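Counting in the numbering used here, the sequence shown runs from 8 upward without gaps.
Cβ coordinates follow ideal geometry from the N, Cα and C atoms, glycine included.
Small disclaimer: the values here were computed from a predicted structure and weren't measured.
Structure, as structure tokens:
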Amino acid sequence: MNAPPKIYVAGHRGMVGSAIVRYLLAHGHPTERIVTRTHAELDLTNQLAVQAFFATEQPDQVYLAAAKVGGIHANNTYPAEFIYDNLMMESNVIDAAFRNGVKKLLFLGSSCIYPKLAAQPMREDALLTGRLEATNEPYAIAKIAGIKLCESYNRQYGATHGVDYRSAMPTNLYGPNDNYHPENSHVIPGLIRRFHEAKVNQDQRVTIWGTGSPRREFLYVDDMAAACIHIMSLEKTLYDQHTQHMISHINVGYGQDITISDLAKIIREITGYQGEITFDPSKPDGAPRKLMDSSRLNALGWQANIGLEVGLKIAYEDFLEHQRIQF
């Protein structure tokens, strides 16, 4: 019998990477056939270190979930780091994978690759059809480059070397192992922390950036992990039938969106905060709406399973556990 593939999960301590590892283990993949490295053990922005790692470990498959991520504030504050670190990580990993015989790789992108005013819901072919949202343009450019890296290696080396590198574009993700930093987090972990702290401090109100009117789609991270394994497991002929040569990425979304205002009300209820919610319209809203068209992946047999309120309750429990460990 053939041994199960040796799988390298880049970014295994992050929200998505840890969910992929959880999924693999829960579905019987042997622990010894999953390869991970912490940032302290392997700096993915270091080309020589990444090449040496691949030469030594020789994985069969790669899930590229490592990235420098953050919300509007972080993207505005650290644009150079967001574009440089992400470009370096994905370039080093994808090239090292090819040079060491990896045939299958999945690159994880982001819905911010699409134009700010893209038609809703956003289809895969909306890529590169308009201007990006200014607040996270450097990050988006890096993620677009990752897609094009995968496509370029497929075009040049698919027939000769059997390279099959795929890209999945998730909507906004949340769940266990999220980043709850008070300034650099995304909207859901940021709101969970703020409402929890407001409850503890008995604050009368919580003020949220923007108008509260933008609509966002949110996907529980374990659903994303299931989608990743599903996409990687598809036969190449089937994958090729549902994608295009130069638009080969696949959207992964929940299928519904919600206003930031309504999201805040749900999180207020889940955390038990009793105070008022106000908005600061002097702060940026970001894109007015970001809903993914996931019909391509749905046609390939995948659907999201975990509802928003159920997922948010689990996320709040994870935050409380995070707080207990931290303090």
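Determine the direct distance from the alpha carbon of M231 to that of R275, and round the result to whole angstroms. Using only the alpha carbons, I get a separation of about 25 Å.
Per DSSP, L112 is paired with what? Answer by DSSP bridge pairing, in chain order: V69 and Y172.
Taking only the alpha-carbon atoms, compute the straight-line gap between E328 and K155 and give it to the nearest angstrom. Distance from the CA of E328 to the CA of K155, rounded to the nearest whole angstrom, comes to 39 Å.
When we look at the beta-carbon of M253 and count the other beta-carbons within 10 Å, is it buried (16 or more) or exposed? By the neighbour-count criterion, in which 16 or more other beta carbons inside 10 Å mark a residue as buried, M253 falls on the exposed side.
Quick test of your reading: Y323 and I215, contact by CB under 8 Å. State the CB separation rounded to the nearest angstrom. Their Cβ separation, rounded to whole angstroms, is 17 Å, which puts Y323 and I215 out of contact at 8 Å.
Between Q330 and the rest of its own chain, which residues show a CB-CB distance below 6 Å, the 5 nearest in sequence each way excluded? Within its own chain, no residue has a Cβ closer than 6 Å to the Cβ of Q330 once the five positions on either side in sequence are excluded.
Can you list the alpha helix (DSSP H) stretches of 4 or more residues lying completely in the stretch 48-93, in chain order? Correct list: 54-64 and 79-84.
Looking at C-alpha atoms only, which residue of V16, Y121 and G182 is the closest neighbour of V317? Minimum Cα distance to V317 is reached at G182.
Are at least three pairs of beta-carbons, each pair with one atom in the stretch 263-272 and one in the stretch 45-63, less than 8 Å apart? By the Cβ test, the stretch 263-272 is not in contact with the stretch 45-63, since fewer than three Cβ pairs between them sit closer than 8 Å.
For N99, I'd like the list of residues in its chain whose CB is within less than 8 Å of its CB, leaving aside the five on either flank, ordered along the chain. Taken in chain order, the residues that qualify are L51, T52, N53, Q54, V57 and Q58.
Assuming Q211 and G282 form a contact by the criterion Cβ under 8 Å, report the distance between their Cβ atoms to the nearest whole angstrom. Correct: roughly 5 Å between the Cβ atoms.
Short of 6 Å in beta carbon distance, which residues of its chain neighbour D229, apart from the five on each side in sequence? Order them along the chain. The residues are A26.
Check the C-beta distance from N83 over to C119 and give it rounded, since I have them as a contact under 8 Å. With a Cβ gap of about 13 Å, N83 and C119 do not count as contacting.
On a Cα-Cα basis, can you pick out the residue from V207, P196, Y261 and M299 that is closest to L319? For the residues V207, P196, Y261 and M299, the minimum Cα distance to L319 belongs to P196.
Would Q122 pass as a contact of T136 if the rule is Cβ separation under 8 Å? Just to set this straight, residue 122 is Pro in the shown sequence, not Gln. In this structure, T136 lies closer than 8 Å to P122 by Cβ.
Helix, strand or coil for G182 per DSSP? Of the three classes helix, strand and coil, the one that applies to G182 here is coil, per DSSP.
On the three-pair Cβ rule with 8 Å, is the stretch 243-261 touching the stretch 150-168? Cβ pair count under 8 Å is three or more, so yes.
Residue from L180, G262, L115 and N179 with nearest C-alpha to A73: The shortest C-alpha separation from A73 is found at L115.
Indicate the three-state DSSP secondary structure (helix, strand or coil) for N312 in the structure shown. In the structure shown, the three-state DSSP call for N312 is coil.
Is R201 helix, strand or coil by DSSP? Helix, per DSSP.
Cutting at 8 Å between CB atoms, please list the residues of its own chain near L7, excluding the five before and the five after it. Nothing can be reported for residue 7: it is not among the residues displayed for the chain, which extend from 8 to 334.
Along the chain, where does the alpha helix (DSSP H) that runs through N4 open and close? Outside the shown range of the chain (8 to 334) lies residue 4, about which nothing can therefore be said.
Backbone secondary structure at L5 - three-state DSSP: Residue 5 lies beyond the stretch modelled for the chain, which goes from 8 to 334, so this question has no answer here.
Helix, strand or coil: which one does DSSP assign to K123? In the structure shown, K123 sits in coil (DSSP, three-state: anything other than H, G, I, E or B).
The stretch 66-81 in contact with the stretch 14-21 per 3-pair CB rule at 8 Å: With the cut-off at 8 Å, the stretch 66-81 and the stretch 14-21 touch.
From N312 to R29, what does the alpha carbon distance come to, in whole angstroms? Taking the CA atoms as reference points, N312 sits about 16 Å from R29.
Judging by CA-CA distance, which residue of E190, P177 and H188 is the nearest neighbour of F225? Just measuring C-alpha positions, the residue of E190, P177 and H188 sitting nearest F225 is P177.
Within its chain, find whatever has a CB closer than 7 Å to the CB of Y164; leave out the 5 residues flanking it on each side and keep chain order. Taken in chain order, the residues that qualify are F105 and V170.
Whole-Å CB distance - S380 paired with G21, under 8 Å assumed: An answer regarding residue 380 cannot be provided, because it is not within the stretch 8 to 334 covered by the chain.
Grab me the residues of D67's own chain with a C-beta within less than 8 Å of its C-beta, minus the 5 sequence neighbours each way, in chain order. Here D67 has P12, K13, I14, V109, K110 and K111 as same chain residues with Cβ atoms under 8 Å from its own Cβ, once five neighbours each way along the sequence are excluded.
With DSSP run on the structure shown, which of helix, strand or coil describes R20? The three-state secondary structure of R20, taken from DSSP, is coil.
On the CB-based measure, 16 or more other CB atoms within 10 Å of its CB, does G260 come out buried or exposed? So G260 ends up on the buried side.
Under the three-state DSSP convention, the category D247 falls into: The three-state reading of DSSP puts D247 in helix, counting H, G and I together.
Around the C-beta of E131, are 16 or more other C-beta atoms found within 10 angstroms, so that it is buried, or is it exposed? The residue is buried, with at least 16 neighbouring Cβ atoms inside 10 Å.
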